[in-house]
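Colleague: Below is a structure I'd like to ask you about.
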Amino acid sequence: AATWPDVARLAKEMPKSTAFIDRYRDRAREAGKPNRVAWRPVPYGRISAELKLAVLVAEDIDFFSHHGFAVAEMKKALQEAWEEGEMPRGASTLSQQLAKNLWLSPSRNPLRKVKEALLTRSLEQHLEKRRILELYLNVVEFAPGVYGAEAAAQRFFGKPATALARPEAAALAGGLPNPSSWHPGSTSKVYL
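Position one of the sequence shown corresponds to residue 143 (the working numbering), numbered consecutively onward.
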């Protein structure tokens, strides 16, 4: 209990760092590279409506109507995995992704998934949906070492997150499933 995160504190405070940012910094340091990240949290009102909508459509269309878990999507993912004999695909909500990004690892370990579920439930109990979305947009990785909407908007489009247009927002949201390869600065064919 002493190490369990104080979720309620996030109602008014931005985190000082996240598990994913710390992990990125540690790996960079171990590789002998600079461990700086681009990260500049901004209030909800300083993130364009276009980006908010693009992220919701791309990642969790039912965000404002569920209580942290997309049960139908989870069942569908498990059914597909069973039929194909593979590990289930991601069916995580923004709330689950936020819990993972803030405090956990990208591991698919069952214990990690249990912690994620407990933290997701706590996020949903202590924070309003708008605040969960604000936090998510401020901590999610948009490219290697680029965290949050403001840093991504500045890095790839030279403008603040509030000024992102629909195509720019779509490009950022489209890369969320694989930010190490799919981002506006990538040479991946997705962006050619």
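C-beta atoms are modelled at their ideal positions from N, C-alpha and C, and glycine is treated no differently.
For residue 334, count the other beta carbons within 10 Å of its own beta carbon; 16 or more makes it buried, fewer makes it exposed. Which is it?
Modeller: Translated into positions along the sequence shown, residue 334 becomes position 192. With a pLDDT of only 41 at residue 334, under the threshold of 50, the placement of this residue in the model should not be trusted, and no figure is reported.
Colleague: Mind reading off the beta-carbon distance from residue 236 to residue 205? Whole number of angstroms is fine, and I expect it under 8 angstroms.
Modeller: Position 94 of the sequence shown, counting from 1, holds the residue named residue 236. Position 63 of the sequence shown, counting from 1, holds the residue named residue 205. About 5 angstroms separates the two Cβ atoms, so the contact holds.
Colleague: Enumerated in chain order, which unbroken segments of the alpha helix (DSSP H) with a length of 4 residues or greater are wholly contained in the segment 282-324?
Modeller: Runs of the alpha helix (DSSP H) inside the segment 282-324: 291-299, 308-316.
Colleague: Alpha carbon to alpha carbon, how far is residue 260 from residue 200?
Modeller: Position 118 of the sequence shown, counting from 1, holds the residue named residue 260. Position 58 of the sequence shown, counting from 1, holds the residue named residue 200. Their backbone Cα atoms lie some 24 angstroms apart in a straight line.
Colleague: At what residue ranges does the segment 152-205 contain a whole run of the alpha helix (DSSP H), taking only runs of 4 or more?
Modeller: Qualifying alpha helix (DSSP H) stretches, in chain order: 161-172, 191-201.
Colleague: Can you check which of these residues, 296, 324, 309, 303, is closest to residue 285 by C-alpha distance?
Modeller: Mapped onto the sequence shown, residue 285 falls at position 143. With distances taken between Cα atoms, residue 285 lies closest to 324.
Colleague: By the three-class DSSP mapping on this structure, what secondary structure does residue 262 have?
Modeller: Working through the sequence shown from its first residue, we reach residue 262 at position 120. Helix, per DSSP.
Colleague: Note down, in chain order, each residue of its chain lying with its Cβ closer than 6 angstroms to the Cβ of residue 279, except the 5 sequence neighbours on either side.
Modeller: Position 137 of the sequence shown, counted from the first residue, corresponds to residue 279. Excluding sequence neighbours, residue 279 sits near 189, 291.
Colleague: Just to confirm before moving on: does the CB-CB distance between residue 295 and residue 196 stay below 8 angstroms?
Modeller: Taking the first residue of the sequence shown as 1, we reach residue 295 at position 153. Taking the first residue of the sequence shown as 1, we reach residue 196 at position 54. Cβ distance not < 8 angstroms, so residue 295 and residue 196 don't count as in contact.
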